[in-house]
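Novice:
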Amino acid sequence: MHLAGESGPTAPSSTDGALVERARRGEHDAYAELVRRYSTIAHRTAVLIAGPADAEDAVQEAFISAFYALARFRQEASFKPWLLAIVANAARNKLRSSGRQPRLRDRLAVDRAIGPVHVAPSAESAVVDADQRRSLADAIDQLPAKARLVVTCRYLLELSEAETAQVLGWPAGTVKSRLSRALDGLRLALSVSSTPEVGEP
Amino acid sequence: MTHDDRSRVEIEGALRQLAASIDTPPAPDYAELVIPRLEREATARFHPQRFPAARGAKRVLLAAAIILIMAGVLAAVPDTRHAIASWFSFSGIKIHSEPGRSSLTPPTTPAPLAAGRQVTLSAAQDAAADRIELPAELPAPTQTFLYRDGSALVVTLAYRSTPSLNPTPETGYALVVTEIFNAGQPIFEKILFTGATAERVDIRGEPGVFIHGPQEILNLDRAIHDPDSVHEVPPRASANTLIWNDNTATYRLEGAFTRDAAVSLASSFR
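Quick note, the sequences are listed as chains A and B, same order. Positions 1089 to 1289 (the numbering used here) are the ones given, in order, by the first sequence. Positions 118 to 387 (the numbering used here) are the ones given, in order, by the second sequence.
(1) Identify the contact partners of Thr295 of chain B in chain A, using a Cβ-Cβ distance below 9 Å as the criterion.
(2) Grouping DSSP H, G and I as helix and E and B as strand, with all else coil, what is Ala1270 of chain A?
(3) Which word fits Leu1256 of chain A, buried or exposed, when buried means at least 16 other C-beta atoms lie within 10 angstroms of its C-beta?
(4) Taking the CB atoms as reference points, tell me whether Ala1120 of chain A and Ala144 of chain B lie closer together than 8 Å.
(5) Indicate whether at least one CB of chain B lies closer than 8 Å to the CB of Ser1153 of chain A.
(6) Would you report the Cα separation of Arg353 of chain B and Glu129 of chain B, rounded to the nearest angstrom?
(7) With a CB to CB cut of under 6 Å and the five nearest residues on each side skipped, what residues in its chain are close to Ser1153 of chain A?
(8) Any chance the CB of Leu1231 of chain A is under 7 Å from a heavy atom of the ligand ADP?
(9) Three or more C-beta pairs under 8 Å: does that hold for the region 1132 to 1149 of chain A against the region 1100 to 1118 of chain A?
(10) Secondary structure at Pro1232 of chain A, three-state DSSP: helix, strand or coil?
(11) Unbroken alpha helix (DSSP H) runs of length 4 or more, entirely within the region 284 to 365 of chain B: which are they?
(12) Roughly how many angstroms lie between the CA atoms of Glu316 of chain B and Leu309 of chain B, to the nearest whole one?
(13) Quick check on the DSSP output: the beta strand (DSSP E) that includes Ala1157 of chain A runs from which residue to which?
(14) Should the region 271 to 278 of chain B be called in touch with the region 250 to 260 of chain B, which here means at least 3 C-beta pairs below 8 Å?
(15) Quick check on the burial criterion: 16 or more other C-beta atoms within 10 angstroms. Buried or exposed for Leu1107 of chain A?
(16) Is Ala1138 of chain A closer than 8 Å to Leu1183 of chain A when the C-beta atoms are compared?
(17) Which first and last residues belong to the beta strand (DSSP E) in which Asp266 of chain B is found?
(18) Under a three-way DSSP split, which group does Pro153 of chain B fall into?
(19) Distance, Cα to Cα, Pro324 of chain B vs Arg369 of chain B?
(20) Look at the Cβ atom of Phe211 of chain B, then the Cβ atom of Pro331 of chain B, and state whether they are nearer than 8 Å.
(21) With three or more C-beta pairs closer than 8 Å as the rule, is the region 1148 to 1164 of chain A touching the region 1189 to 1198 of chain A?
(22) Exposed or buried, Gln1230 of chain A, counting other C-beta atoms within 10 Å across all chains shown (16 or more means buried)?
(23) Taking the beta carbon of Ala1214 of chain A as the centre, do at least 16 other beta carbons fall within 10 Å, making it buried, or is it exposed?
(24) Which residues bound the beta strand (DSSP E) around Ala253 of chain B?
(25) Residues in its own chain within less than 8 Å of Thr1262 of chain A by CB, not counting five upstream and five downstream?
(26) Give me the chain B residues within the contact set of Leu1171 of chain A, using Cβ-Cβ distance strictly less than 9 Å, ordered along the chain.
(27) Would you say Thr311 of chain B and Arg218 of chain B are within 8 Å of each other, going by their C-beta atoms?
(28) Under 8 Å by Cβ, that's how I've got Ala269 of chain B and Ala300 of chain B pegged, so tell me the actual separation to the nearest angstrom.
(29) CB-CB under 7 Å to His199 of chain B, same chain, minus the five flanking residues each way: which ones, in chain order?
(30) Counting only C-beta atoms, is Gly1261 of chain A closer than 8 Å to chain B at any point?
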């Protein structure tokens, strides 16, 4: 899956930093390029946190807020986690105000007959079949809110631990400990260690 | 590899595979949705006929005009551009000067904080995802308030008394702390009148400004995003103020303190 970068096969003509600098000067076309560059990951973030019904509003608000906050962005920092922190906050606000808790299971494509997912041979190359994916999604849905958030950022959005810390505004140690507890919770819920099935390479 | 390690590797592998099977609806063209909104807001700020003739709205326009003029003059010198941005662009708070005196009469009774609904500190921490920082030297605030403005969260901590500060005539509190999270658009406007001074300070390496003397604070929340609305919260006189921001929030302290006392207090935030 390709989420970072978001610019497709053609190399971006300007770095994020250069676009930010131009956007700070009020150049809307430069900001439009940043919006296009990060629309997919921003949208996925909002869908996973707030659900598809509120995602579009959350992302629009986040892009508006981010524009006005560009003066606060540090040029040496990475734009993606800085932006996603704003998106995640907007999505969490939508989630609180809507009172709806989106179900990850509703977002699974397993029921559209894509079949089991095979990955490269390794210790983690177990084939996770459709039922297991449903169970795992259900287990994530049952996690406490902060545990669900950290799992979403780290694994479902494929952010690094450092990026996860920045997006959620938590210290790195907090991310690590909450992630560890969340994985323990998922392991317990699924009893993965007792039923591994190693697939063919 | 231990049994626990193997289990962790397996669950991480399963999560990565799960990520590949999550179906996200395609993103709309956000640039088409967002950029016109930004352009409309930029236009609304600089065209007076779109605002009602409310006192606060006039101040928004005046502030925008002053900032635009200053930016125009100073932007001609490239080295000063960053200074302009860092000096005036505390996220969520605009600062500008107006010649003359405030039209407000000196406060005889404290003005309401108009800081949203009162909540427990714990509830505010939950709402702010545990990001609220508190002055390490002080006990818990007397009152905590919270409100949202779009995606921004504004938390106000009011201290009725502190060991070294007396309540101010402006608020009736010894110390008012405002923390603004996810602030994009300006939420507050600080207006400095003749006799006020603004001095740049550093708070744990972050840029800040200490404002001493005659000043007001104005809540801008609705005027910026809804040109047809008027301010619900009138400007109020403000005691000395320290403003700074970091990666987490923009902070505003208000009290009858000196610059050094304010910086010391701000540096103790944890």
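We put the beta carbon where it would ideally sit given N, CA and C, even for glycine.
Specialist: Per the coordinate set shown:
(1) To locate residue 295 of chain B, count along the second sequence from 1; it is residue 178. Within chain A, no residue comes near Thr295 of chain B; the closest Cβ sits about 16 Å away, beyond 9 Å.
(2) Indexing the first sequence from 1 puts residue 1270 of chain A at position 182. Three-state DSSP puts Ala1270 of chain A in a helix.
(3) On the first sequence, position 168 is the one that residue 1256 of chain A refers to. The residue is buried, with at least 16 neighbouring Cβ atoms inside 10 Å.
(4) Numbered from its first residue, the first sequence carries residue 1120 of chain A at position 32. Numbered from its first residue, the second sequence carries residue 144 of chain B at position 27. No, the Cβ-Cβ distance between Ala1120 of chain A and Ala144 of chain B is not below 8 Å.
(5) Residue 1153 of chain A sits at position 65 when you count from the first residue of the first sequence. So, interface residue.
(6) Here the question's residue 353 of chain B lines up with position 236 in the second sequence. Here the question's residue 129 of chain B lines up with position 12 in the second sequence. Rounded to whole angstroms, Arg353 of chain B to Glu129 of chain B spans 54 Å at the Cα level.
(7) Position 65 of the first sequence holds residue 1153 of chain A. These residues qualify, in order along the chain: Ile1174.
(8) Judged by which ligands are present, the structure shown has none, so any question about the ligand ADP falls away.
(9) no
(10) Locating residue 1232 of chain A in the first sequence gives position 144, counting from the first residue. Correct three-state label for Pro1232 of chain A: coil.
(11) Correct list: 338 to 342.
(12) Walking along the second sequence from the start, residue 316 of chain B turns up at place 199. Walking along the second sequence from the start, residue 309 of chain B turns up at place 192. If I take the Cα positions, the gap works out to 12 Å.
(13) The residue given as residue 1157 of chain A occupies position 69 in the first sequence. Run containing Ala1157 of chain A: none; DSSP gives neither H nor E here.
(14) Output reads yes: the region 250 to 260 of chain B touches the region 271 to 278 of chain B.
(15) Here residue 1107 of chain A corresponds to residue number 19 of the first sequence, with the count starting at 1. That one is buried.
(16) For this step, residue 1183 of chain A is matched to residue 95 along the first sequence. For this step, residue 1138 of chain A is matched to residue 50 along the first sequence. In this structure, Leu1183 of chain A places its C-beta atom within 8 Å of the C-beta atom of Ala1138 of chain A.
(17) On the second sequence, position 149 is the one that residue 266 of chain B refers to. Run containing Asp266 of chain B: 260 to 266, per the beta strand (DSSP E) assignment.
(18) Along the second sequence, read from residue 1 onward, the residue named residue 153 of chain B stands at position 36. Three-state DSSP puts Pro153 of chain B in a helix.
(19) Mapped onto the second sequence, residue 324 of chain B falls at position 207. Mapped onto the second sequence, residue 369 of chain B falls at position 252. Computed Cα separation, rounded: 13 Å.
(20) Position 94 of the second sequence, counted from the start, is the residue given in the question as residue 211 of chain B. Position 214 of the second sequence, counted from the start, is the residue given in the question as residue 331 of chain B. Strictly speaking, residue 211 of chain B in this sequence is Lys, with Phe absent from that position. No.
(21) no
(22) What you label residue 1230 of chain A is simply residue 142 of the first sequence in a count that begins at 1. Looking at its Cβ environment, which holds fewer than 16 other Cβ atoms inside 10 Å, Gln1230 of chain A is exposed.
(23) For the purposes of this step, residue 1214 of chain A is identified with residue 126 of the first sequence, where counting begins at 1. Because the pLDDT of Ala1214 of chain A is 46, which lies under 50, any placement of that residue in the model is unreliable, and the number read from its coordinates should be weighed accordingly. By the 10 Å Cβ count, Ala1214 of chain A comes out buried.
(24) Within the second sequence, residue 253 of chain B is the residue found at index 136, counting from 1. Run containing Ala253 of chain B: none; DSSP gives neither H nor E here.
(25) Here residue 1262 of chain A corresponds to residue number 174 of the first sequence, with the count starting at 1. Around Thr1262 of chain A: Ala1253.
(26) Stepping through the first sequence from its first residue, residue 1171 of chain A is reached at position 83. Neighbours of Leu1171 of chain A on chain B: none; closest Cβ ~11 Å, over 9 Å.
(27) The residue labelled residue 311 of chain B in the question sits at position 194 within the second sequence. The residue labelled residue 218 of chain B in the question sits at position 101 within the second sequence. The answer is yes: Cβ separation under 8 Å.
(28) Here residue 269 of chain B refers to the residue found at position 152 of the second sequence. Here residue 300 of chain B refers to the residue found at position 183 of the second sequence. Contact between Ala269 of chain B and Ala300 of chain B holds: CB atoms are separated by about 5 Å, below the 8 Å threshold.
(29) Reading the second sequence from its first residue, position 82 is the one you call residue 199 of chain B. Bear in mind that a pLDDT of 37 at His199 of chain B, under 50, signals an unreliable position, so the number given afterwards is only what the model happens to contain. Result list for His199 of chain B: empty, nothing under 7 Å.
(30) For the purposes of this step, residue 1261 of chain A is identified with residue 173 of the first sequence, where counting begins at 1. Contact of Gly1261 of chain A with chain B is not assigned, every C-beta pair being separated by 8 Å or more.
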